[in-house]
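Per my numbering, residue 159 is the first one in the sequence shown, and the count goes up by one each step.
Each residue gets a CB set at the ideal place from its N, CA and C atoms; glycine is no exception.
As the structure is a prediction and not an experimental result, all values here were calculated from the model.
Here is the structure we will look at.
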Amino acid sequence: MLDLPVGTARAYWAPRSAARDEWQALLDPGERARRGAYLHPEDRDRFLVGAVLVRLVFARELSIEPAMVRLDRSCPDCERPHGKVRLAAGQSAAGGRLEVSISHSGGWVVLAACRSGAVGVDVEQITPAIDHLGVARIAFTDSESQDLSRRPPEARPAAFTRYWTRKEAVAKAVGEGLRAPLSSIEVTAPGRSPAVLSWRSRPDLAGMVQLHDLIADDKHRASLAVISPTPVCVVEEDAVELFGAL
Numbered sequence: 159m160l161d162l163p164v165g166t167a168r169a170y171w172a173p174r175s176a177a178r179d180e181w182q183a184l185l186d187p188g189e190r191a192r193r194g195a196y197l198h199p200e201d202r203d204r205f206l207v208g209a210v211l212v213r214l215v216f217a218r219e220l221s222i223e224p225a226m227v228r229l230d231r232s233c234p235d236c237e238r239p240h241g242k243v244r245l246a247a248g249q250s251a252a253g254g255r256l257e258v259s260i261s262h263s264g265g266w267v268v269l270a271a272c273r274s275g276a277v278g279v280d281v282e283q284i285t286p287a288i289d290h291l292g293v294a295r296i297a298f299t300d301s302e303s304q305d306l307s308r309r310p311p312e313a314r315p316a317a318f319t320r321y322w323t324r325k326e327a328v329a330k331a332v333g334e335g336l337r338a339p340l341s342s343i344e345v346t347a348p349g350r351s352p353a354v355l356s357w358r359s360r361p362d363l364a365g366m367v368q369l370h371d372l373i374a375d376d377k378h379r380a381s382l383a384v385i386s387p388t389p390v391c392v393v394e395e396d397a398v399e400l401f402g403a404l
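And the structure:
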């Protein structure tokens, strides 16, 4: 079983460069099709590392071989395979309360695992060449958008990305991701301790979000959220030890 006590969330970090062609044998037909649909090799590598990392975590939890893990990625709205990843029927009971979330961007893949409640994680590469203020007017609250506009232009890409990962981690925790209106979630400003200030579409959960920033490199930002009424400690570690099982 995975060494993960209640009250702790673990974030496993893996570089995109860890991808190995032979890992494709672990993917199910749907995953192979999704991987093959990506146009760029970097996207295919990120997807492969994430899919294998999920299997390694659940394999350790169930004490089985990674190839024996069966996953369900179906979306609750459309049943397409882009929903929050979980164990398939038949293995889910053995998996107990273990929740996972996966994200990848730029050079990194990160998986969050937790038993204390629904978990969401998001990592994003800082991208200077987008209209940060324009996107913020759509996806941020008025307060967040105004805060971003007051920052020096050179500081906006990193601040925008921090806002985004905090909000997206919260949305992913409840399995909605980009289907959720990010403008309904208001979080603290970059530079302040991460927290949800309000959640217009889910006021019942606004006070139950444990929000944490993860330690990425200077080109990325990442955040993790757990829906739990009690505090959750976050531990970050290199996934290299998990890959040793392959």
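Bridge partner(s) assigned by DSSP for residue i
i, result
"C272", "A167 and E257"
"D230", "R244"
"C391", "T166"
"P339", "DSSP output for P339 lists no bridge partner at all."
"E344", "S356"
"A225", "Paired residues: none, contrary to the question."
"D371", "S381"
"D396", "W171"
Inter-residue spacing [alpha-carbon to alpha-carbon] between residue i and residue j
i, j, result
"I296", "S341", "7 Å"
"L162", "D300", "38 Å"
"A383", "R228", "25 Å"
"P234", "I260", "17 Å"
"V277", "V367", "10 Å"
"E312", "A177", "33 Å"
"I385", "A172", "24 Å"
"V258", "A316", "26 Å"
"R202", "R244", "21 Å"
"A246", "D230", "5 Å"
"E189", "L404", "18 Å"
"A380", "W266", "10 Å"
"I222", "L185", "16 Å"
"K377", "P361", "33 Å"
"T346", "L355", "7 Å"
"R337", "A327", "13 Å"
"V207", "P199", "12 Å"
"A180", "R218", "Strictly speaking, residue 180 in this sequence is Glu, with Ala absent from that position. Approximately 20 Å, taken between the alpha carbons."
"G165", "V390", "5 Å"
"M159", "L400", "13 Å"
"D280", "K330", "8 Å"
Closest Cα partner of residue i within the set the options
i, options, result
"Q182", "F216, A225, P163 and R308", "A225"
"G248", "E257, L220, V268 and L269", "L220"
"A271", "L404, E395, F401 and G402", "E395"
"V398", "T166, S175 and G165", "S175"
"V215", "D289, L256, H290 and F298", "L256"
"R350", "G365, H370 and A364", "H370"
"T319", "L372, G333 and P361", "L372"
"Y170", "L269, P199, P387 and M159", "L269"
"R273", "V281, T388, R314 and E334", "T388"
"V210", "R337, R308 and H262", "H262"
"G365", "D375, A338 and E344", "E344"
"V332", "G241, R218 and R192", "G241"
Minimum Cβ-Cβ distance from residue i to chain B less than 7 Å
i, result
"A172", "This model lacks chain B altogether; it includes just one protein chain."
Those runs of the alpha helix (DSSP H) which lie wholly inside the region 259 to 336 and span at least 4 residues: Within the region 259 to 336, the complete alpha helix (DSSP H) runs of at least 4 residues are 290 to 297, 300 to 308 and 314 to 331.
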